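Chemist:
4 protein chains.
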Amino acid sequence: MLRYLSGGESHGRCLTAIIEGLPAGLHLASKHINRHLERRQQGYGRGGRMKLETDRVEFLSGLRFNRTLGTPLTLKIDNKDSENWREVMSPEGERNEDVTPVTLPRPGHADLAGGVKYARQDLRDGLERASARETATRVAVGGVAVRLLEEMGIEVFSHVISIGEVQARLEGVSYPVLKERRDHSSLFCADPAAEEKMRLAIDAAKNGENTLGGVFEVRVKGVPPGLGSHVHWDRKLDGRLAGALMSLQGIKGVEIGMGFASAERQGSMVHDPINYSPDKGIYRPSNRAGGIEGGVSNGEDLILRAAMKPIPTLLSPLTSVDINTLNEDRAAVERSDVCAVPAASVVGEAIVSWELAAAVKEKFAGDSLEEMLQSYRFYLEKVNKTLGRGKENS
Amino acid sequence: MLRYLSGGESHGRCLTAIIEGLPAGLHLASKHINRHLERRQQGYGRGGRMKLETDRVEFLSGLRFNRTLGTPLTLKIDNKDSENWREVMSPEGERNEDVTPVTLPRPGHADLAGGVKYARQDLRDGLERASARETATRVAVGGVAVRLLEEMGIEVFSHVISIGEVQARLEGVSYPVLKERRDHSSLFCADPAAEEKMRLAIDAAKNGENTLGGVFEVRVKGVPPGLGSHVHWDRKLDGRLAGALMSLQGIKGVEIGMGFASAERQGSMVHDPINYSPDKGIYRPSNRAGGIEGGVSNGEDLILRAAMKPIPTLLSPLTSVDINTLNEDRAAVERSDVCAVPAASVVGEAIVSWELAAAVKEKFAGDSLEEMLQSYRFYLEKVNKTLGRGKENS
Amino acid sequence: MLRYLSGGESHGRCLTAIIEGLPAGLHLASKHINRHLERRQQGYGRGGRMKLETDRVEFLSGLRFNRTLGTPLTLKIDNKDSENWREVMSPEGERNEDVTPVTLPRPGHADLAGGVKYARQDLRDGLERASARETATRVAVGGVAVRLLEEMGIEVFSHVISIGEVQARLEGVSYPVLKERRDHSSLFCADPAAEEKMRLAIDAAKNGENTLGGVFEVRVKGVPPGLGSHVHWDRKLDGRLAGALMSLQGIKGVEIGMGFASAERQGSMVHDPINYSPDKGIYRPSNRAGGIEGGVSNGEDLILRAAMKPIPTLLSPLTSVDINTLNEDRAAVERSDVCAVPAASVVGEAIVSWELAAAVKEKFAGDSLEEMLQSYRFYLEKVNKTLGRGKENS
Amino acid sequence: MLRYLSGGESHGRCLTAIIEGLPAGLHLASKHINRHLERRQQGYGRGGRMKLETDRVEFLSGLRFNRTLGTPLTLKIDNKDSENWREVMSPEGERNEDVTPVTLPRPGHADLAGGVKYARQDLRDGLERASARETATRVAVGGVAVRLLEEMGIEVFSHVISIGEVQARLEGVSYPVLKERRDHSSLFCADPAAEEKMRLAIDAAKNGENTLGGVFEVRVKGVPPGLGSHVHWDRKLDGRLAGALMSLQGIKGVEIGMGFASAERQGSMVHDPINYSPDKGIYRPSNRAGGIEGGVSNGEDLILRAAMKPIPTLLSPLTSVDINTLNEDRAAVERSDVCAVPAASVVGEAIVSWELAAAVKEKFAGDSLEEMLQSYRFYLEKVNKTLGRGKENS
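Protein chains in written order, with numbering that gives the first Met the number 0: chain A, 0 to 393; chain B, 0 to 393; chain C, 0 to 393; chain D, 0 to 393.
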């Protein structure tokens with residue numbers, strides 16, 4: 000079983016995570032993680048803080064000469080500006096009188112609900128953890144998962160498909176083109192024309208002291224049939240992926256394959272027929288299901304989309320109420336991004352990677368990478384035989 | 000911690016579930032469960048099987064004189080037509096030669112992926128469990144959760160808001176009216192005009208040997224702020240609710256509050272301001288967040304929507320391939336519902352109830368109902384004080 | 000992951016369990032379970048109830064033509080005398096005035112602590128579940144695990160090694176002889192001379208209106224090296240086995256290998272050297288560790304012992320206090336066994352079987368038996384190569 | 000739910016742990032942890048490494064001004080001599096040719112079984128984590144638990160009761176005297192006469208190039224009745240405590256209350272009567288059960304004992320076999336303690352503290368300390384009333 004816990008406040012000393020259950024012998028280097036951390040910090044529409052941080056992972060345990068030991072992997076990412084917050088966020092010592100508590104909860108954040116839940120007088124105690132800064136950990140953890148999936152030939156890819164009201168048009172764009180365009184886009188969007196409009200929309204929102212959300216898509220190639228399970232509700236792959244994506248800061252909707260659109264069409268236009276050809280074996284001519292039927296991956300690409308609400312912190316802030324005085328006031332401005340959808344798409348990629356790695360570990364187990372891969376190959380051979388596929392397709 | 004496991008094949012002898020972690024002293028009777036089971040079987044657009052079954056729960060353990068004992072609660076629901084399937088589904092004994100294996104997987108189901116995963120030659124081995132028949136268990140388990148939530152004054156309510164392309168219009172409909180209309184609707188839809196069109200759409204689909212999906216909404220009233228948690232990704236209430244809903248058969252999309260629409264609007268139109276008035280204390284003039292901010296319930300009504308794809312089994316079936324002969328053929332017709340969205344809405348209500356009950360147990364614990372309620376009341380008092388609410392609002 | 004939940008009160012209608020995570024394709028029949036259930040009911044020194052019950056398992060889900068489906072397996076064992084308790088233990092309906100509550104807690108049972116914890120006025124609400132009747136479920140669940148382990152060539156065996164002050168002497172008794180003698184012993188003890196004395200001790204205790212405990216040993220043959228793990232405290236095989244055994248009713252001590260005796264000796268007399276011979280490969284000339292080093296199975300036989308206290312219910316009962324009147328009184332006599340160590344040894348065998356099956360599933364995973372066995376064989380081949388063993392030793 | 004993961008190799012850079020589920024508002028400082036870490040490093044019979052290390056905890060997250068935030072608490076303990084091992088244990092970079100792999104597994108350790116399981120060529124990859132160095136983490140984590148238990152008035156105390164064949168005699172020693180003597184003993188043993196003999200035994204073992212084990216006892220005062228549960232096997236307090244203790248390096252036996260001795264005596268001499276007196280309410284005149292009946296704490300002191308085998312690494316080492324050459328050789332000497340039972344007693348105290356804190360959190364939940372304590376007090380009041388205790392006893 001793969002599992003992890005993570006810790007760290009936004010302006011504390013660092014972020015941490017411990018991953019337990021990795022196979023031994025997996026090649027892993029900080030560069031594998033840092034490339035994702037860097038991408039998370041990019042994207043047109045980010046504010047000042049992103050420029051400050053250049054996140055780098057450190058491995059405190061579980062790795063030796065760039066090979067996992069099978070022991071718990073500890074990751075640490077320093078908060079680069081923590082020095083400036085030392086007095087405010089000190090783990091130990093007396094609270095300095097200068098450290099003013101946050102008592103005005105920001106609408107759209109966990110500030111009020113979290114403060115009430117944990118009975119905090121200083122709302123900073125909660126907001127520091129609820130912050131999207133935590134997603135750096137998820138990206139790092141997901142980066143480890145990516146390495147494992149790569150060994151199985153599974154590739155997870157995300158891109159931005161809408162910002163505000165601007166939708167990308169991607170019909171007929173092949174996967175290699177999609178990837179290349181995404182990599183060269185300041186918004187991780189594979190439709191250059193839409194990207195241009197998205198940038199204008201972001202600029203307009205900024206000028207209006209407003210913010211924008213959007214939708215990103217995650218695609219996964221090379222997924223074998225049989226991840227997840229239909230036999231028990233809490234093992235269904237769609238449920239696990241959707242739950243994990245919805246747990247990401249700012250996400251308010253998740254859909255798979257045709258998603259909400261499938262609720263509007265007739266059955267014959269929604270389900271994917273099963274076909275056979277001598278060279279492909281049993282195959283699907285379409286993938287409206289998004290690669291999951293009955294809670295089980297069906298061998299087609301996974302396709303998921305997540306809707307992100309606009310960043311709640313507005314330069315022209317909403318009304319709030321001070322929990323001490325009960326006076327209404329304008330909410331504080333803790334950061335100044337206009338749009339974080341590109342960053343969220345990177346986190347979404349990491350989240351999907353983690354869940355898939357967990358599903359792969361659940362099915363193929365093994366304490367060393369060699370053992371895992373052997374089980375994986377045996378299974379694929381058997382599947383290909385059942386599906387009437389020649390060896391060239393494995 | 001509340002947990003449960005469930006078992007049972009669609010045409011096996013019965014469905015079962017064991018719930019562990021319930022407080023002792025909760026009033027519970029089969030009628031509390033059967034009312035939900037009955038609703039699950041209703042809804043215009045269901046086929047013959049629904050008429051056959053009249054599901055009834057039996058308690059095999061954990062209950063005495065209609066009070067929970069705090070011990071595991073075992074639920075059993077007999078499959079009413081299991082007698083006819085005795086030979087086909089016999090747990091023990093030789094397989095009769097007359098029992099023909101299913102070798103033609105149905106598109107849109109787990110048949111193929113599940114069969115490959117579990118290495119079954121007879122696809123019935125998998126489809127019997129992947130079947131939506133399993134949702135009767137989820138409704139029963141959810142019915143137990145409803146009883147617990149009722150003690151806390153938490154009310155979970157679902158209704159159908161679209162079937163195919165027909166959308167209900169519910170602006171300005173008050174909650175009491177919504178409930179009453181839903182209860183008198185053959186489609187659990189609170190817009191009578193839309194309901195009429197939905198029935199016509201179902202009839203048209205039936206005539207065209209087709210099927211329809213739709214969208215249902217779940218609302219929860221009386222939720223205290225502070226369920227779920229922002230401190231760790233796997234404890235976020237939105238993630239847990241979305242994951243559980245997406246694990247329901249046929250669901251391809253889940254959204255909370257404004258959901259996907261929030262991705263299109265500017266921040267100032269999405270987030271809910273925080274206001275104060277002497278009689279309400281701290282309150283929200285709007286609820287676009289759907290009652291969850293930062294993974295934590297914020298005290299407003301929970302609002303979730305789930306999109307269901309059309310039933311995959313078509314009277315005019317899609318192409319499939321026999322896994323033995325590799326010949327293409329028309330998929331088998333295992334059941335003949337045209338639309339199951341009303342039933343799904345009942346299951347969705349049960350699923351949300353279960354997840355909320357688990358969140359309530361996590362926060363308030365207690366081995367007896369009395370102990371739980373005492374913790375609950377103490378917390379509410381404290382919250383109301385923080386939010387500047389008078390005693391009359393608790 | 001293998002997991003299960005169980006339910007059922009001692010005088011309720013039945014006992015139940017749902018096992019989730021079994022591979023598909025495992026051959027399983029009620030006779031495989033009933034043989035263990037029968038053994039649990041045997042043993043010199045049991046009272047009247049054991050004669051009444053002839054436990055039989057029924058499979059309510061997860062099995063078809065004696066092959067597991069990979070879906071949750073539901074087990075049910077009827078309580079044979081439940082008819083006589085129908086009024087007392089009725090799940091639903093009004094409590095009959097004739098049903099007198101139990102208010103005098105029995106020393107040595109969970110009656111008082113459990114009653115207080117769950118806030119029960121009638122202590123029967125708790126004692127019905129705390130009863131050793133529950134162990135029938137554990138035996139049934141363990142019987143399923145035994146079937147899985149058999150496929151891997153792993154054999155779990157238990158025998159009684161002491162009753163009261165009488166100790167079996169088993170030095171130099173070979174494993175086949177041990178098994179045969181155990182099977183022919185009325186106390187599951189492989190030393191006939193000791194068995195005779197044990198029977199006399201039981202008779203004497205009975206005459207003195209007293210009870211006796213004892214110690215049983217569980218041995219496991221065919222365990223591969225590498226079950227459990229040293230990498231995280233909660234994955235250690237010794238911890239998991241000891242915890243599971245200690246959770247059995249009446250157990251007050253557990254030891255592995257030399258156990259407590261190892262605390263008295265010098266290191267050179269406790270640890271097992273590692274040797275090599277061309278025909279055996281790397282091997283151990285001794286097995287003082289009981290097959291586990293550092294929380295990992297080392298390939299030697301597992302050897303565990305558990306100490307059972309005497310049955311608490313005495314014909315000449317201890318003093319207790321009525322929780323209503325606070326008057327002291329003699330505790331009630333709910334059953335009349337003198338010694339249940341033989342039965343406990345059967346349960347211990349089942350418990351160890353379950354934990355090992357869980358550890359096997361964790362390491363080898365696989366959704367079908369074929370897949371599991373393939374991973375298992377691949378691993379064994381690799382291990383044998385590392386340990387310098389020829390093919391004849393695999 | 001309280002949970003934690005830990006990481007760290009013995010000669011790596013540091014040890015880490017993340018604890019999730021702590022209530023907010025708990026007072027916590029490094030001194031609370033360091034006092035336990037220091038005690039773990041003491042004890043007559045330790046070798047050179049203990050002098051080198053002076054373990055100190057650092058809080059990387061979850062704490063602010065010495066109050067927990069309710070967010071995950073990250074602990075870090077640096078390995079003081081890691082500088083000397085930098086080249087050998089480098090997480091990243093090429094393996095230096097000078098870094099010779101360990102290929103001779105040490106008897107009594109996880110070296111061989113762990114190496115085979117994880118398919119490691121250099122056994123150091125496994126032994127670094129299996130090392131008892133990991134217990135520093137368990138002590139630190141347990142130290143946090145101690146702080147929580149202190150708030151509930153629960154006190155966990157351990158002491159050494161035997162080293163090799165030398166047994167402490169403690170009949171009639173009161174708890175305050177026990178504590179004081181333990182604190183002034185170089186072996187954490189409360190019998191000064193026995194301590195003297197234990198030191199001589201350790202000296203003798205050292206001269207003989209041998210090692211010694213022993214037994215420690217953990218006592219817990221102030222435990223309320225009702226921790227753990229009889230309703231499901233995996234919730235029983237005895238099972239959880241025993242499993243956790245057995246997972247400690249070197250432990251081969253665990254017993255509760257009378258333990259193995261209870262298997263030899265008649266029932267009337269083993270079970271604890273239940274008595275009443277107007278001033279004590281319902282009480283027990285004896286505590287042979289060690290505070291747990293039926294898997295539930297009964298309100299008496301918890302009493303557990305654990306048997307530790309002698310340290311496996313002998314100055315005069317046992318035979319082993321090189322896994323590359325298959326040649327027999329003398330095992331390597333990685334460290335040189337003669338006896339680690341005093342240290343183990345400190346770890347045992349921490350382990351029991353953690354499990355109890357988890358059981359307390361399970362029963363009383365609460366996201367803030369205030370909320371937890373409120374539930375706790377309400378429950379105690381109720382219990383005292385049931386047990387006929389006056390307010391002065393609460």
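Cβ atoms here follow ideal geometry from the backbone N, Cα and C, with glycine treated the same way.
No experiment lies behind these values; they were computed from the predicted model shown.
Count Cβ pairs between the stretch 300-315 of chain C and the stretch 207-226 of chain C that sit closer than 8 angstroms; are there 3 or more?
Modeler: In short, these stretches touch, since the Cβ pair count reaches three.
Chemist: By a C-beta neighbour count over all protein chains shown, 10 Å radius and 16 as the cutoff for buried, is glycine 6 of chain A buried or exposed?
Modeler: Your numbering for residue 6 of chain A matches position 7 in the first sequence. It is buried - the Cβ of glycine 6 of chain A has at least 16 other Cβ atoms within 10 Å.
Chemist: Using a C-beta cutoff of 8 angstroms, does glutamine 40 of chain C count as contacting chain D?
Modeler: Your numbering for residue 40 of chain C matches position 41 in the third sequence. No, glutamine 40 of chain C does not count as interfacial toward chain D.
Chemist: Assuming the contact rule is C-beta atoms closer than 8 angstroms, glycine 141 of chain A and glycine 227 of chain A should be a hit. Round their C-beta distance to whole Å, please.
Modeler: The residue labelled residue 141 of chain A in the question sits at position 142 within the first sequence. The residue labelled residue 227 of chain A in the question sits at position 228 within the first sequence. That belief does not hold up - the Cβ atoms of glycine 141 of chain A and glycine 227 of chain A are roughly 18 angstroms apart, past 8 angstroms.
Chemist: Check each residue of the stretch 104-131 of chain B: if its Cβ is closer than 7 angstroms to any Cβ of chain C, include it; give the result in chain order.
Modeler: Correct list: Lys116, Tyr117, Ala118, Arg119, Asp124 and Arg128.
Chemist: On the DSSP letters alone, give me the boundaries of the alpha helix (DSSP H) that glutamate 369 of chain B sits inside.
Modeler: Reading the second sequence from its first residue, position 370 is the one you call residue 369 of chain B. Per DSSP, glutamate 369 of chain B belongs to the alpha helix (DSSP H) from 368-385.
Chemist: Counting only beta-carbon separations shorter than 8 angstroms, does lysine 235 of chain C have a partner in chain A?
Modeler: In the third sequence, residue 235 of chain C corresponds to position 236, counting from 1. Not an interface residue.
Chemist: By Cβ distance below 7 angstroms, which residues in the same chain neighbour aspartate 271 of chain A in space, the five residues on each side in sequence not counted?
Modeler: Translated into positions along the first sequence, residue 271 of chain A becomes position 272. Around aspartate 271 of chain A: Arg283, Ser285, Asn286, Arg287 and Ala288.
Chemist: So arginine 94 of chain C contacts chain B; which residues on that side make the cut at Cβ distance below 7 angstroms?
Modeler: Within the third sequence, the letter at position 95 stands for residue 94 of chain C. Per Cβ cutoff of 7 angstroms: Phe64.
Chemist: From the DSSP secondary-structure annotation, give me the bridge partner or partners of leucine 14 of chain D.
Modeler: The residue labelled residue 14 of chain D in the question sits at position 15 within the fourth sequence. DSSP, once it has assigned bridges, lists D:Ile76 as partnering leucine 14 of chain D.
Chemist: From leucine 4 of chain B to asparagine 323 of chain A, what distance separates their C-alpha atoms?
Modeler: Here the question's residue 4 of chain B lines up with position 5 in the second sequence. Here the question's residue 323 of chain A lines up with position 324 in the first sequence. Looking at the two C-alpha atoms, the distance is approximately 46 angstroms.
Chemist: Could you have a look at glycine 163 of chain A and say whether DSSP puts it in helix, strand or coil?
Modeler: Within the first sequence, the letter at position 164 stands for residue 163 of chain A. Of the three classes helix, strand and coil, the one that applies to glycine 163 of chain A here is coil, per DSSP.
Chemist: Which runs of the beta strand (DSSP E) at least 3 residues long sit entirely within the stretch 199-261 of chain D? Give them in chain order.
Modeler: List check, beta strand (DSSP E) in window: 213-220 and 250-255.
Chemist: In the DSSP output, which residue or residues are listed as bridge partners for isoleucine 291 of chain D?
Modeler: Counted from its first residue, the fourth sequence places residue 291 of chain D at position 292. Isoleucine 291 of chain D is bridged to D:Ser296.
Chemist: Count the other CB atoms within 10 Å of the CB of serine 173 of chain B; is the residue buried (16 or more) or exposed (fewer)?
Modeler: Position 174 of the second sequence, counting from 1, holds the residue named residue 173 of chain B. Looking at its Cβ environment, which holds fewer than 16 other Cβ atoms inside 10 Å, serine 173 of chain B is exposed.
Chemist: Check the Cβ of phenylalanine 363 of chain A against every Cβ in chain C and list those closer than 7 angstroms, keeping chain order.
Modeler: Taking the first sequence and counting its residues from 1, the one referred to as residue 363 of chain A is at position 364. Result: Ala364.
Chemist: Mind pulling the chain D residues with CB within less than 7 angstroms of threonine 318 of chain C?
Modeler: Position 319 of the third sequence, counted from the start, is the residue given in the question as residue 318 of chain C. Pro272, Ile273 and Asn274, listed in chain order.
Chemist: Considering only the beta carbon of each residue, do arginine 66 of chain D and leucine 25 of chain D sit closer than 8 angstroms?
Modeler: Here residue 66 of chain D is taken as the residue at index 67 of the fourth sequence, counted from 1. Here residue 25 of chain D is taken as the residue at index 26 of the fourth sequence, counted from 1. Against a cut-off of 8 angstroms, the Cβ pair of leucine 25 of chain D and arginine 66 of chain D comes out as a contact.
Chemist: Express the C-alpha separation of glutamate 292 of chain A and glycine 107 of chain B in angstroms, rounding to a whole number.
Modeler: Position 108 of the second sequence holds residue 107 of chain B. Position 293 of the first sequence holds residue 292 of chain A. Their backbone Cα atoms lie some 6 angstroms apart in a straight line.
Chemist: Got a sec: is the Cβ-Cβ distance from glutamate 19 of chain C to anything in chain F below 8 angstroms?
Modeler: You won't find chain F in this structure, because its protein chains are A, B, C and D.
Chemist: Please go through the same chain and pick out, in chain order, the residues whose beta-carbon is closer than 6 angstroms to the beta-carbon of glycine 163 of chain B, but skip the five residues on each side of it.
Modeler: Along the second sequence, one-based indexing puts residue 163 of chain B at 164. Taken in chain order, the residues that qualify are Ala200 and Leu211.
Chemist: Would you call the stretch 190-199 of chain A and the stretch 357-370 of chain A touching, i.e. three or more CB-CB distances under 8 angstroms?
Modeler: Short answer: they don't touch.
Chemist: Please state the DSSP three-state secondary structure of methionine 307 of chain C.
Modeler: Residue numbering aside, residue 307 of chain C sits at position 308 when the third sequence is read from its first letter. Residue state, collapsed to three classes: strand.
Chemist: Between valine 295 of chain B and chain D, is there a C-beta pair that is closer than 8 angstroms?
Modeler: Stepping through the second sequence from its first residue, residue 295 of chain B is reached at position 296. No, because no Cβ of chain D sits closer than 8 angstroms to the Cβ of valine 295 of chain B.
Chemist: What are the boundary residues of the alpha helix (DSSP H) that glutamate 150 of chain A is part of?
Modeler: Here residue 150 of chain A is taken as the residue at index 151 of the first sequence, counted from 1. Element bounds for glutamate 150 of chain A: 134-150.
Chemist: Please classify proline 104 of chain A as buried or exposed, where buried requires at least 16 neighbouring CB atoms within 10 angstroms.
Modeler: In the first sequence, the residue the question calls residue 104 of chain A occupies position 105. Proline 104 of chain A is buried by the Cβ-count criterion.
Chemist: Opposite histidine 31 of chain B in the DSSP bridges: which residues?
Modeler: As a first step, residue 31 of chain B must be located in the second sequence, where it is residue number 32. Per DSSP, none; premise fails for histidine 31 of chain B.
Chemist: For the beta strand (DSSP E) that contains alanine 23 of chain B, what are its first and last residues?
Modeler: As a position in the second sequence, residue 23 of chain B is number 24, starting the count at 1. Looking at the DSSP string, the run of the beta strand (DSSP E) that includes alanine 23 of chain B is 23-26.
Chemist: Ordered along the chain, which non-local residues of its own chain (more than five positions away) have a Cβ less than 7 angstroms from that of alanine 139 of chain D?
Modeler: Numbered from 1 along the fourth sequence, position 140 holds the residue referred to as residue 139 of chain D. Within the same chain, alanine 139 of chain D has close Cβ partners Ala16, Ile32, Leu36, Val56, Leu74 and Ile76.
Chemist: Run through the DSSP bridge pairs and tell me what glutamine 265 of chain B is partnered with.
Modeler: For the purposes of this step, residue 265 of chain B is taken as the residue at position 266 of the second sequence. A:Leu211.
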